[in-house]
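Residue numbering for the sequence shown follows the numbering used here, starting at 50 and increasing by one per position. Glycine included, each C-beta is placed from N, C-alpha and C at the ideal position.
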Amino acid sequence: MQITFDQVSHIYARGTPFERLALRDVSLTIPSGSFVGIIGQTGSGKSTLIQHLNGLLQPTSGTITLGDVKVTPREKMPHARRRDIGLVFQYPEYQLFEETVAKDVAFGPLNFDMPPELVEIRVREALEIVGLDYDWVKDRSPFQLSGGQMRRVAIAGVLAMQPKVLVLDEPTAGLDPAGRKAILEGIYRIHREQRLTTVLVTHSMEEAARYADRLIVMAEGQAVLEGSPDEVFANAVRLRELALDVPETVALVTQLNQRLPEAERLPSSLYREEALIEQLLARLSVTKER
Ligand SMILES: Nc1ncnc2c1ncn2[C@@H]1O[C@H](COP(=O)(O)OP(=O)(O)OP(=O)(O)O)[C@@H](O)[C@H]1O
50 MQITFDQVSH IYARGTPFER LALRDVSLTI PSGSFVGIIG QTGSGKSTLI QHLNGLLQPT
110 SGTITLGDVK VTPREKMPHA RRRDIGLVFQ YPEYQLFEET VAKDVAFGPL NFDMPPELVE
170 IRVREALEIV GLDYDWVKDR SPFQLSGGQM RRVAIAGVLA MQPKVLVLDE PTAGLDPAGR
230 KAILEGIYRI HREQRLTTVL VTHSMEEAAR YADRLIVMAE GQAVLEGSPD EVFANAVRLR
290 ELALDVPETV ALVTQLNQRL PEAERLPSSL YREEALIEQL LARLSVTKER
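The structure is reproduced here in structure tokens:
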């Protein structure tokens, strides 16, 4: 399902002394089947933006189009469409509350009136997708699990709803590097295998570069850059002005290119470490053969 924002603004606490313009005239596209990374400094409007995706927030002005549904300041998102957009909040494990993992994952689907026999199948599938063994985990209390496992349970709870779009607000915050990698690799696998439109909010350029095929850079409530990673990373100066760094790989390619003759320069699309290593190895073997 393609999603577009057309001139969307959002004002919190309108008409009070605490009024805050959090989104200003944001226009952007999330193509169906894409993996979109949303990056930006703290307070740039990332969480506000994604809460518009499932109707938790409504635009103060502008239009959001989700497939064939339009959301405006006056037209709310229909309940049925909200179910299509799975939103995983920051620190989602704090929202676990049932006495067993299976009950927690089943909560959303039961709430949306899915028949119980279908719910059980969905719960099993969702837990297995996030890499947890159903029989091992189903009757445990979520609170007996490690931080990374709890977060996987929370993500399974959203996947059990079989959303068309999966939106994750900093799903790796507070995890160690191994935990971060496990969660992101899992999300990437689901995205690829199910062609699930995926939106990942992250502070990490490295994460964005590794997984996203499209990037949106937020600053002061505006979408200031949007495009493929190499299009966005080509704006290194602008990114630095926004106190955002380009990934290390991109910085390395820029430095190498400054020293290489024009004909031998590396393409700017080498923003993934593996791709750069392969390109450098290929060049080394050509040099050796000579
Ligand atoms: N419920 C609210 N009421 C009033 N202002 C809010 C509310 N939520 C967010 N804001 C303000 O809106 C602006 C955008 O906040 P938002 O949480 O969307 O940014 P963010 O980029 O997600 O930040 P972070 O990376 O810290 O999560 C900030 O100035 C924030 O203080």
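- Taking the Cβ atoms as the reference, T221 lies roughly 5 Å from I232, within the contact range of under 8 Å.
- Between the stretch 103-118 and the stretch 154-165 there are fewer than three inter-stretch CB-CB distances shorter than 8 Å, so the stretches are not counted as touching.
- If you measure from each CB to the nearest heavy atom of ligand 1, the residues under 5 Å come out as Y61, R69, A71, T91, G92, S93, G94, K95, S96 and T97.
- Residues of the same chain with a CB within less than 7 Å of the CB of L305, apart from the 5 flanking positions on each side, are L315 in chain order.
- At least 9 Å separates the beta-carbon of G104 from that of L245.
- Fewer than three Cβ pairs drawn from the stretch 93-100 and the stretch 175-183 lie within less than 8 Å of each other, which leaves the two stretches out of contact.
- For Q271, the enclosing beta strand (DSSP E) covers residues Q271 to G276.
- Excluding five sequence positions before and after R201, the CB atoms of its chain that fall closer than 6 Å to its own CB belong to V179 and L181, given in chain order.
- Contact between the stretch 262-273 and the stretch 70-89 is established, with three or more Cβ pairs separated by less than 8 Å.
- A distance below 8 Å between beta-carbons, with the five flanking residues on each side excluded, links K125 to the following residues of its chain, in chain order: G104 and Q107.
- Between L319 and T336, the gap from beta carbon to beta carbon reaches 9 Å or more.
- Non-local beta-carbon contacts of Y61 in its own chain, meaning distances under 6 Å to residues more than five positions away in sequence, involve R69 and A71 in chain order.
- Contact between the stretch 254-268 and the stretch 276-284 is present: three or more C-beta pairs spanning the two stretches fall below 8 Å.
- The residue among L291, E147 and E313 with its C-alpha nearest the C-alpha of G206 is E147.
- Between M199 and the set A209, V186 and M210, the nearest pair of CA atoms involves V186.
- DSSP places F54 within a strand segment (E or B) once states are collapsed to three.
- Restricting attention to E338, S253, E311 and R263, the CA atom closest to the CA of P296 is found in S253.
- With contacts defined by Cβ atoms closer than 9 Å, G135 and L215 form a contacting pair.
- Using a Cβ distance threshold of 9 Å, R132 and V118 do not count as a contacting pair.
- Sequence-distant Cβ neighbours of E142 in its own chain, meaning closer than 6 Å and more than five residues away, are M199, R200 and A203.
- Ranked by Cα distance from P212, the options E323, S334 and F161 are led by F161.
- Following the DSSP letters along the chain, one finds T247 inside the beta strand (DSSP E) bounded by residues T246 to T251.
- Only residues of its own chain outside the window of five on either side were considered, and among them V295, V299 and Y320 have a CB closer than 6 Å to the CB of F282, listed in chain order.
- With 16 or more other CB atoms across the displayed protein chains lying within 10 angstroms of its CB, H59 is buried.
- Between the alpha carbons of R171 and R238 lies a distance of about 18 Å.
- With a beta-carbon spacing of about 6 Å, Q51 and P80 fall inside the 8 Å limit used to define contacts.
- For F192, the closest alpha carbon among the candidates V168, V85, A209 and Q144 is that of Q144.
- Looking at the backbone, the Cα of Q90 and that of V286 are separated by about 16 Å.
- Pairing F84 with L249 gives a Cβ-Cβ distance under 9 Å.
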